[in-house]
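Single-structure report; data block below.
Protein chains: 2
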Amino acid sequence: MKIRTRVNELFGIEYPVVQGGMVWVSGWKLASAVSNSGGLGLIGAGSMKPELLAEHIRKCKSATGKPFGVNLPMLRKDSDDLVKTIIDEKVKIVFTSAGHPGKYIEQFKSNGITVAHVVSNLKQAKKAESVGCDAVVAEGVEAGGHNGPDELTTLALLQIAAPEISVPLIAAGGIASGRGMLAALALGAEGVQIGTLFAATEESSAHENFKNALVNAGERDTVLILRKLAFARVIKNEFSDEVIKKEFAGVGEETLKNILGQKREKLGMFDGDLKNGMLEAGEGAALIEKISSVKEVFEKLIEEYESALKKLNGFSS
Amino acid sequence: MKIRTRVNELFGIEYPVVQGGMVWVSGWKLASAVSNSGGLGLIGAGSMKPELLAEHIRKCKSATGKPFGVNLPMLRKDSDDLVKTIIDEKVKIVFTSAGHPGKYIEQFKSNGITVAHVVSNLKQAKKAESVGCDAVVAEGVEAGGHNGPDELTTLALLQIAAPEISVPLIAAGGIASGRGMLAALALGAEGVQIGTLFAATEESSAHENFKNALVNAGERDTVLILRKLAFARVIKNEFSDEVIKKEFAGVGEETLKNILGQKREKLGMFDGDLKNGMLEAGEGAALIEKISSVKEVFEKLIEEYESALKKLNGFSS
């Protein structure tokens, strides 16, 4: 089955499926595999210094002739340098997040770069559209990793945002099946961004322990932490228990910063310390049954989408 | 457009749309209007003594010849008496919540009553199915009022539960448009339960102030409170601010119980005290533009569903 929306046109891809840029997880290997499977792969610059990002971009170009992009969390202190790398290496697609969508838009556009921006509410979506972003990713609170503070779910956010936004809308957060993808398009999105499901693929650069933790995670195994500091959804472990206990005991930001400041993301997701690391994952982790190849993930997604659409049409007359 | 699933068959209704039973909001007037419009109206017994419930059941029967039901929160201390009333008054459909689904199932089934049970995770859904419930309502954390503690969103919960449950699944939480309804059925549900949207109708028994608060609520105006005591989503106000401040300051349950114990739900939703009352509402409140009649709500829902389905089909070939 072919699924074609404005998102396919915008990025020149076969399926309107974007692989979310993830720290420590989505390097050139994952991004190129996604692009080679017909989606849009994104290199996650959030955990890379400019030189490493340049290396990943080059390797990605060698591994695929198809479109790919870079995810840029703009809160990075060296984000100017990362932007320079992106432009120097002639990347053609950028997904920005965690910052004002207008920050680099002129630089990007004048270099022929297509820009999408990740938001967690309609207000931000309108802002992204107004500054000239080509697409908007609307991400609900079921997403893994860092989240907006409003706790809008993907279902609510898409219902609210879709009628108000003219540029193509990409749904993110909790989508881990073809049924989820069909629901996103039913809500008015024209594409999906999927993170957690791709984190558990063979091509992801996550530590094997973390991939297995994603496979083993059940429906009640993720939790929101650090509400006031760096709001994020993670797999429950000793680290998250400690943080939550302290949060609800009313400790100050400094204490939380000290707990967090121990490179917890790398520790958990790249080094595989499941006890003390920060294991960013969305609620969709409960749907992951095994570590698959990216190709298998795509085949299953599209097959499920097709059969769910058939079932859905069977309800109407 | 006709939309027909096993939910229509089970309850004998025209559209697979259930109006959620809500304290102080859904009496006979709302329930009968929903049933007369082709959905399934539910009288919310949670805020009624047995005699009042009996009165509402009788009035509902006078107002509609179509199927309607009663929602029974089983944590009520006098729930045995409410069950007796339900059976004595020959109600044919019951939605149970907040308790073990097997508690009254034999009594209900031996009286020819169709039973659905509200759950917030797959484990509970399997339990409800195993004790003999005829349908399961899977409710995500975007729902208004009391919520399960796992914070699974409707999108995640439905993706997880649908493949594992054989009886008809009804999606609840955050659904406030025809696009939301289409998404729910795309995810594998065969019906939707809608609360907040109906709370703001002409036929709802909510105070006018509360209805207006629902109309005025924006996307960032609901919040989760009372995580450890009586987890609920409400419209932000002085009451919710106070509770959250205390929750995150680590106060004991007794203090929270004292704040809550001032009949906050009635105060907010029935008496219309928007400052000190508890204003239960889901994230879908942001989609409510005006106080409509139940009939108008249905017309809009079905019209939106139809046009969203057409658009969705346009993406495929």
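Sequence order for the protein chains is A and B.
The first sequence stops at residue 316 when you use numbering that gives the first Met the number 0, and every number in between is there.
The second sequence stops at residue 316 when you use numbering that gives the first Met the number 0, and every number in between is there.
Positions of the beta carbon are idealized from the N, C-alpha and C atoms, including for glycine.
So for A:ILE56, helix, strand or coil by DSSP?
The count along the first sequence starts at 1 and reaches residue 56 of chain A at position 57. A:ILE56: helix per DSSP, three-state reduction.
Tell me A:VAL233's beta-bridge partners as DSSP assigns them.
Taking the first sequence and counting its residues from 1, the one referred to as residue 233 of chain A is at position 234. Bridge partners of A:VAL233: A:VAL222, A:GLU279.
Considering only residues of the region 54-125 of chain A, which uninterrupted beta strand (DSSP E) runs meet the minimum length of 3 residues and lie entirely inside it, listed in chain order?
67-72, 92-96, 113-118
Using 10 angstroms around the beta-carbon of A:PRO162, count the other beta-carbons present and answer buried if the total reaches 16, otherwise exposed.
Position 163 of the first sequence, counted from the start, is the residue given in the question as residue 162 of chain A. Per the 10 Å Cβ criterion, exposed.
In whole angstroms, what is the alpha-carbon distance linking A:SER46 and A:TRP23?
For the purposes of this step, residue 46 of chain A is identified with residue 47 of the first sequence, where counting begins at 1. For the purposes of this step, residue 23 of chain A is identified with residue 24 of the first sequence, where counting begins at 1. A:SER46 and A:TRP23: Cα-Cα distance of roughly 6 Å.
Boundaries of the beta strand (DSSP E) in which B:VAL6 is found, first to last residue:
The residue you call residue 6 of chain B lines up with position 7 of the second sequence. Looking at the DSSP string, B:VAL6 is not in any beta strand (DSSP E); the run it does join, the alpha helix (DSSP H), is 5-10.
Which residues of the region 289-311 of chain B have a Cβ closer than 7 Å to any Cβ of chain A? Give them in chain order.
ALA307, LEU308, LEU311
Is the beta carbon of B:VAL135 sitting closer than 8 Å to the one on B:ALA142?
Counting from 1 along the second sequence, the entry for residue 135 of chain B is found at position 136. Counting from 1 along the second sequence, the entry for residue 142 of chain B is found at position 143. No. Outside cutoff.
Is the beta carbon of A:GLY187 sitting closer than 8 Å to the one on A:LEU157?
Position 188 of the first sequence, counting from 1, holds the residue named residue 187 of chain A. Position 158 of the first sequence, counting from 1, holds the residue named residue 157 of chain A. The answer is yes: Cβ separation under 8 Å.
Tell me, to the nearest whole angstrom, how far the beta carbon of A:SER203 is from that of A:SER25; I am working on the premise that it is less than 8 Å.
Start at 1 with the first residue of the first sequence, and residue 203 of chain A comes out as number 204. Start at 1 with the first residue of the first sequence, and residue 25 of chain A comes out as number 26. With 8 Å as the limit, A:SER203 and A:SER25 qualify as a contact, their Cβ atoms being about 7 Å apart.
Spatial neighbours of B:VAL33 in its chain, beta-carbon cut-off 6 Å, leaving aside the 5 residues before and after
Walking along the second sequence from the start, residue 33 of chain B turns up at place 34. Within the same chain, B:VAL33 has close Cβ partners GLN18, GLY40, VAL293.
Compute the Euclidean distance between the alpha carbons of B:GLY194 and B:MET21, then round it to the nearest angstrom.
The residue labelled residue 194 of chain B in the question sits at position 195 within the second sequence. The residue labelled residue 21 of chain B in the question sits at position 22 within the second sequence. Cα-Cα distance, rounded: 7 Å.
Alpha carbon to alpha carbon, how far is B:GLY101 from B:GLN123?
For this step, residue 101 of chain B is matched to residue 102 along the second sequence. For this step, residue 123 of chain B is matched to residue 124 along the second sequence. Computed Cα separation, rounded: 11 Å.
Distance check for A:ALA171 and A:GLY38, CA to CA, integer angstroms please.
In the first sequence, residue 38 of chain A corresponds to position 39, counting from 1. In the first sequence, residue 171 of chain A corresponds to position 172, counting from 1. Rounded to whole angstroms, A:GLY38 to A:ALA171 spans 15 Å at the Cα level.
Between A:LEU320 and A:ALA212, is the Cβ-Cβ spacing less than 8 Å?
Outside the modelled stretch of chain A, which goes from 0 to 316, sits residue 320 of chain A, for which no answer is possible.
Helix, strand or coil: how does DSSP classify A:ILE243 here?
As a working note, residue 243 of chain A is residue 244 in the first sequence. Three-state DSSP puts A:ILE243 in a helix.
My output table needs one value for A:LEU318: the three-state DSSP class, helix, strand or coil.
Here chain A comprises residues numbered 0 to 316, so residue 318 of chain A is not present and cannot be evaluated.
Check the Cβ-Cβ distances between A:GLN192 and every residue of chain B, and say whether any is below 8 Å.
Position 193 of the first sequence, counting from 1, holds the residue named residue 192 of chain A. Among the CB atoms of chain B, none fall inside 8 Å of the CB of A:GLN192.
To which residues does DSSP link B:GLN192 through a beta bridge?
Your numbering for residue 192 of chain B matches position 193 in the second sequence. Answer is B:VAL17, B:ALA171, bridged to B:GLN192.
C-beta contact flag for B:VAL242 and B:ILE224 at 8 Å
Taking the first residue of the second sequence as 1, we reach residue 242 of chain B at position 243. Taking the first residue of the second sequence as 1, we reach residue 224 of chain B at position 225. Yes, the Cβ-Cβ distance between B:VAL242 and B:ILE224 is below 8 Å.
With DSSP as the reference, label A:GLY199 as helix, strand or coil.
The residue you call residue 199 of chain A lines up with position 200 of the first sequence. The question names Gly, but residue 199 of chain A is Ala in the sequence shown. Of the three classes helix, strand and coil, the one that applies to A:ALA199 here is coil, per DSSP.
In DSSP terms, what B:VAL135 is bridged to
As a first step, residue 135 of chain B is located in the second sequence; it is residue number 136 there, counting from the start. Bridge partners of B:VAL135: B:HIS116, B:LEU168.
Quick one: residues in its chain with C-beta nearer than 6 Å to the C-beta of B:ASP87, no 5 flanking neighbours on either side, listed in chain order?
The residue labelled residue 87 of chain B in the question sits at position 88 within the second sequence. Hits under 6 Å: none found.
Can you find a C-beta in chain A that's less than 8 Å from the C-beta of B:SER165?
What you label residue 165 of chain B is simply residue 166 of the second sequence in a count that begins at 1. So, not an interface residue.
Exposed unless 16 or more other CB atoms sit within 10 angstroms - verdict on A:GLU302
Looking up residue 302 of chain A in the first sequence gives position 303. It is exposed - the Cβ of A:GLU302 has fewer than 16 other Cβ atoms within 10 Å.
With a threshold of 16 other CB atoms inside 10 Å of the CB of B:LYS210, please say whether the residue is buried or exposed.
As a first step, residue 210 of chain B is located in the second sequence; it is residue number 211 there, counting from the start. The residue in question, B:LYS210, is buried, as its Cβ has 16 or more Cβ neighbours within 10 Å.
Return the CA-CA distance between B:LYS244 and A:THR254, expressed in angstroms with no decimal places.
Reading the second sequence from its first residue, position 245 is the one you call residue 244 of chain B. Reading the first sequence from its first residue, position 255 is the one you call residue 254 of chain A. The alpha-carbon atoms of B:LYS244 and A:THR254 are separated by roughly 19 Å.
How many angstroms separate the CA atom of A:LYS125 from the CA atom of A:VAL118?
Within the first sequence, numbered from 1, the residue matching residue 125 of chain A stands at position 126. Within the first sequence, numbered from 1, the residue matching residue 118 of chain A stands at position 119. Looking at the two C-alpha atoms, the distance is approximately 9 Å.
Taking only the alpha-carbon atoms, compute the straight-line gap between A:TYR14 and A:ARG3 and give it to the nearest angstrom.
Numbered from its first residue, the first sequence carries residue 14 of chain A at position 15. Numbered from its first residue, the first sequence carries residue 3 of chain A at position 4. Taking C-alpha positions only, A:TYR14 is separated from A:ARG3 by approximately 7 Å.
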